[in-house]
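**Student:**
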Amino acid sequence: MKHVSLPCLLITLTLHGVVIADEPVRNGSGEEILLQGFHWNSSRNAPQTWYDVLARMAGQIAGDGFTSVWLPPPWSDVSEWKTPTAEGGGEGYFWHSFDKTSRYGGDAQLRQAASALNQAGVNVVYDIVPNHMSDKAVYALFPRGRNEWRHDCAQCDEGDAFMDGTADLNTANSEVFDAFKKELINLRDQYGAKGLRFDFVRGYAPETVDRWMQVFGERQFCVGEMWKGPDEYPEGDWRRKASWQDALKDWSDRSRCTVFDFALKERMQNGNLNQWRHGLNGNPNPAWRKIAVTFVDNHDTGYSPGPFQGQHHWPLPEERRNQAYAYILSSPGTPAVFWSDMYDWQRGELIRQLIRLRKDAGIKADSGIDFHTQYSGMVATTTGTRKSLVIALDSDLTKLPEGMGQPVLTWDGGKIRIWSTPAAQALIGVDFNCDYADTILDETVYAVGSSLELGAWDPRHAIALTYNPQERRWTRVIDLPANQAIEWKCIMRNNDTVRWQPGPNVRFTSGTASVTRGTF
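Each residue of the sequence shown is one higher than the last, beginning at 9 in the working numbering.
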């Protein structure tokens, strides 16, 4: 659902602000590639119903490499809404009953679409909306006045209100909880559900999601939409002063579900390319990377074909969209591709190639990633179970060190370059030392060498060392892949000149040597 900035209720206080998960996160196989199987205007598709579109395209979706498809809310929604700039209704987010006849199609069409997808080897993930429903009439499902709605009493809710809260259900109420529990089992047993996407999870407790998943399936996939920035938490809540990553990890630990990587989305929107490394999927800890569901845009944030071009609440600028897909499909996390980027606009062929490279390398949700920040733009190496992918976005890295091959993908005139290399070994720290480097003017001492990490002999990309005046030595620990033959030298550099260490290159093999020394 649309991101709403409203004063929020404190959901749960934890002693230290972070809960450590004792059980594994429910991220499917760890190698999922998720397709969002609709856009904002899909319920208005004609002449075919949207479920008929999905059934017809099941084989292609599988052939394009997707392992799971996120379907729209399956419940009946006859709502109508209008603002000065847009109008709509029937998208499923103001549903009124668990009936499966909706503006996406009928019950039988839904069953057929789910069956076609599952038979093609694509898992069906339903969009679940427990926080709110239509409040335009009294429905027998949840009568008013029984503490089943937020406004039935002062504490009848577990989290934030959606809009003014009049449509919010009290998911802590046992009748409400059990109704959803039975419906989730029904979706699993009768409508082919293999996973669940939870809408607007800021509105109900993550522990409630965990309890539903314990019944739906401990090994099934789940993901939550936790679109809430630190400044939206109340004063006194530890998350108000925490990072986007911290709050997302807290929700995931307590629900044991993956979570959409809004930390990465925020940096894509507001940061430069080099700052994309600050998403959950770029965290140094694999336990954080494996919970991330990365995305470029979705039915809320991005544009959609049809009336009013959809919602587009937080769209990524067009000039960054190809690069964003290149990044999420070649890095850790579970990547999610928006339907319109794949099948409506001219981006499908790029995405197909990226999916093939990801699968060929064996990249998983918790794969290792190393960022090479000495280059311009974004440069990173992701190591899968079979190969590594080196990605350069809008970067001055145009070739890898000798012997590492040519790019396997070049796009947008070189703004995207990807190389496939043998799987990199685990990184180990090597202590680099440059002795007796007497600098002049504004010089700094650097290490430069044969590996990508050492700048591939390009002084512009060398690694700066730190001076130890007592020992007249410049030093730094640099992480390198193990068992790699390295050649390198010290250089002294300022903006205008480069002075090289005299004599032959320093040679060593990472792993067998933990200290290496060059001398001027």
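Every residue gets a Cβ at the ideal spot worked out from N, C-alpha and C, and that includes glycine. This one's a predicted model, so the numbers in the text were calculated from it and none came from an experiment.
1) By the three-class DSSP mapping on this structure, what secondary structure does Arg205 have?
2) Quick one: any contact between the region 466-477 and the region 487-495, if contact means 3 or more CB pairs under 8 Å?
3) To the nearest angstrom, report how far apart Pro343 and Asn476 are at their CA atoms.
4) Once the 5 residues before and after Ala29 are set aside, which same chain residues still bring their CB inside 7 Å of it?
5) Using the three-state DSSP reduction, which class does Ile494 fall into: helix, strand or coil?
6) May I have the straight-line CA-CA distance separating Phe346 from Val304, to the nearest angstrom?
7) Relative to the alpha-carbon of Asn126, which residue among Glu95, Gln68, Ile359, Ile136 has its alpha-carbon at the smallest distance?
8) Where Asp172 and Gln354 are concerned, what is the direct C-alpha to C-alpha distance, given to the nearest angstrom?
9) Between which two residues does the beta strand (DSSP E) containing Met276 stretch?
10) Leaving out five residues on either side along the sequence, give the residues of the same chain with a beta carbon under 7 Å from the beta carbon of Val12.
11) Could you tell me whether the Cβ atoms of Leu473 and Ser518 are closer together than 7 Å?
12) Under a three-way DSSP split, which group does His380 fall into?
13) Spell out the partners DSSP gives Glu410 in its beta bridges.
14) Taking C-beta to C-beta, are Pro92 and Tyr134 nearer than 7 Å?
15) Note down, in chain order, each residue of its chain lying with its Cβ closer than 7 Å to the Cβ of Trp252, except the 5 sequence neighbours on either side.
16) Going by DSSP in three states, Gly290 sits in which element: helix, strand or coil?
17) Beta-carbon separation of Ser142 and Phe206 under 7 Å?
18) Rounding to the nearest angstrom, what Cα-Cα distance links Val453 and Thr505 in this structure?
19) Counting beta carbon pairs with one atom in the region 390-402 and one in the region 363-376, are three or more of them shorter than 8 Å?
20) Excluding five sequence neighbours on each side, which residues of the same chain lie with their C-beta closer than 6 Å to the C-beta of Glu31?
21) Enumerate in chain order the residues of its own chain whose CB-to-CB distance from Gln331 is below 8 Å, with the five nearest sequence positions on each side excluded.
22) May I ask which residues mark the beginning and end of the beta strand (DSSP E) holding Ala388?
23) Looking at the structure shown, is Ala29 part of a helix, part of a strand, or coil, going by DSSP?
24) Which residue wins for smallest C-alpha separation from Gly153, given the options His140, Ile193, Leu177?
25) For Asn294, I'd like the list of residues in its chain whose CB is within less than 6 Å of its CB, leaving aside the five on either flank, ordered along the chain.
26) Determine the DSSP secondary structure at His140, reduced to helix, strand or coil.
27) Between the alpha carbons of Val137 and Val398, how many angstroms are there, rounded?
28) Around the C-beta of Gln509, are 16 or more other C-beta atoms found within 10 angstroms, so that it is buried, or is it exposed?
29) Thinking C-alpha only, which one of Ala255, Ile377, Thr57, Ala334 is nearest Glu357?
30) So, is Ala455 buried or exposed, given that buried needs 16 or more other C-beta atoms within 10 angstroms?
31) Any idea if Tyr383 is buried or exposed, counting beta-carbon neighbours within 10 angstroms, 16 or more meaning buried?
32) Would the beta-carbon of Glu166 fall within 7 Å of that of Ala180?
33) What's the C-alpha gap between Gly511 and Asp352?
34) Going by DSSP in three states, Tyr50 sits in which element: helix, strand or coil?
35) For Trp220, count neighbouring Cβ atoms within 10 angstroms of its own Cβ and tell me buried if that reaches 16, exposed if not.
36) Look at the alpha carbon of Thr524 and the alpha carbon of Asp443, and state the distance between them as a whole number of angstroms.
**Tutor:** The answer reads as follows:
1) Position 197 of the sequence shown holds residue 205. In the three-state reduction of the DSSP assignment, Arg205 falls in the strand class.
2) no
3) One-based indexing of the sequence shown puts residue 343 at position 335. One-based indexing of the sequence shown puts residue 476 at position 468. Between Pro343 and Asn476, the alpha-carbon positions lie close to 44 Å from each other.
4) Stepping through the sequence shown from its first residue, residue 29 is reached at position 21. Low confidence applies here, because Ala29 scores a pLDDT of 43, under 50, leaving its location unreliable and the question unanswered by this model.
5) The count along the sequence shown starts at 1 and reaches residue 494 at position 486. Correct three-state label for Ile494: strand.
6) Here the question's residue 346 lines up with position 338 in the sequence shown. Here the question's residue 304 lines up with position 296 in the sequence shown. Near 8 Å, if we compare the C-alpha coordinates of Val304 and Phe346.
7) Residue 126 sits at position 118 when you count from the first residue of the sequence shown. Among Glu95, Gln68, Ile359, Ile136, the Cα nearest to that of Asn126 is on Gln68.
8) As a position in the sequence shown, residue 172 is number 164, starting the count at 1. As a position in the sequence shown, residue 354 is number 346, starting the count at 1. Rounded to whole angstroms, Asp172 to Gln354 spans 39 Å at the Cα level.
9) Locating residue 276 in the sequence shown gives position 268, counting from the first residue. Segment 270-278 is the alpha helix (DSSP H) holding Met276; no beta strand (DSSP E) there.
10) Indexing the sequence shown from 1 puts residue 12 at position 4. Low local confidence applies: a pLDDT of 43 at Val12 is under 50, so the model's placement there is unreliable, and no value is given.
11) Within the sequence shown, residue 473 is the residue found at index 465, counting from 1. Within the sequence shown, residue 518 is the residue found at index 510, counting from 1. No, the Cβ-Cβ distance between Leu473 and Ser518 is not below 7 Å.
12) Reading the sequence shown from its first residue, position 372 is the one you call residue 380. Note: His380 maps to coil in three-state DSSP.
13) Reading the sequence shown from its first residue, position 402 is the one you call residue 410. Bridge partners of Glu410: none, in fact.
14) Here the question's residue 92 lines up with position 84 in the sequence shown. Here the question's residue 134 lines up with position 126 in the sequence shown. No, the pair does not count as a contact, with Cβ atoms beyond the cut-off.
15) The count along the sequence shown starts at 1 and reaches residue 252 at position 244. Here the set comprises Gly237, Pro238, Phe270, Ala271, Glu274.
16) The count along the sequence shown starts at 1 and reaches residue 290 at position 282. DSSP places Gly290 in helix when its eight states are reduced to three.
17) Stepping through the sequence shown from its first residue, residue 142 is reached at position 134. Stepping through the sequence shown from its first residue, residue 206 is reached at position 198. Not a contact, by the Cβ cut-off of 7 Å.
18) Here residue 453 refers to the residue found at position 445 of the sequence shown. Here residue 505 refers to the residue found at position 497 of the sequence shown. Separation of Val453 and Thr505 (C-alpha to C-alpha, rounded to the nearest whole angstrom) is 12 Å.
19) yes
20) Counting from 1 along the sequence shown, the entry for residue 31 is found at position 23. Contacts found: Arg264.
21) In the sequence shown, counting from the first residue as 1, residue 331 sits at position 323. For Gln331, where only same-chain residues beyond five positions count, the Cβ hits under 8 Å are Leu281, Met386, Leu401, Asp402, Asp420, Lys423, Ile424.
22) Taking the first residue of the sequence shown as position 1, residue 388 is located at position 380. Here the beta strand (DSSP E) through Ala388 covers 386-391.
23) In the sequence shown, residue 29 corresponds to position 21, counting from 1. Low per-residue confidence applies at Ala29: pLDDT is 43, beneath 50, and the placement is therefore not dependable, though the value from the model is reported in the following sentence. Residue state, collapsed to three classes: coil.
24) Along the sequence shown, read from residue 1 onward, the residue named residue 153 stands at position 145. Closest by alpha carbon: Leu177.
25) What you label residue 294 is simply residue 286 of the sequence shown in a count that begins at 1. Per the sequence shown, the amino acid found at residue 294 is Pro instead of Asn. Taken in chain order, the residues that qualify are Asp374.
26) The count along the sequence shown starts at 1 and reaches residue 140 at position 132. Residue state, collapsed to three classes: strand.
27) Here residue 137 is taken as the residue at index 129 of the sequence shown, counted from 1. Here residue 398 is taken as the residue at index 390 of the sequence shown, counted from 1. Their Cα atoms are separated by approximately 39 Å.
28) On the sequence shown, position 501 is the one that residue 509 refers to. It counts as buried.
29) As a working mapping, residue 357 is identified with position 349 in the sequence shown. When each option's Cα is compared against that of Glu357, the closest is Ala334.
30) Mapped onto the sequence shown, residue 455 falls at position 447. So Ala455 counts as buried.
31) As a first step, residue 383 must be located in the sequence shown, where it is residue number 375. Tyr383 is buried by the Cβ-count criterion.
32) One-based indexing of the sequence shown puts residue 166 at position 158. One-based indexing of the sequence shown puts residue 180 at position 172. Closer than 7 Å, so yes.
33) Within the sequence shown, numbered from 1, the residue matching residue 511 stands at position 503. Within the sequence shown, numbered from 1, the residue matching residue 352 stands at position 344. Each residue's Cα considered, the two are about 59 Å apart.
34) Taking the sequence shown and counting its residues from 1, one reaches residue 50 at position 42. Contrary to the premise, residue 50 reads as Ser rather than Tyr in this sequence. Note: Ser50 maps to helix in three-state DSSP.
35) Here residue 220 refers to the residue found at position 212 of the sequence shown. Trp220 comes out buried.
36) In the sequence shown, residue 524 corresponds to position 516, counting from 1. In the sequence shown, residue 443 corresponds to position 435, counting from 1. Their Cα atoms are separated by approximately 11 Å.
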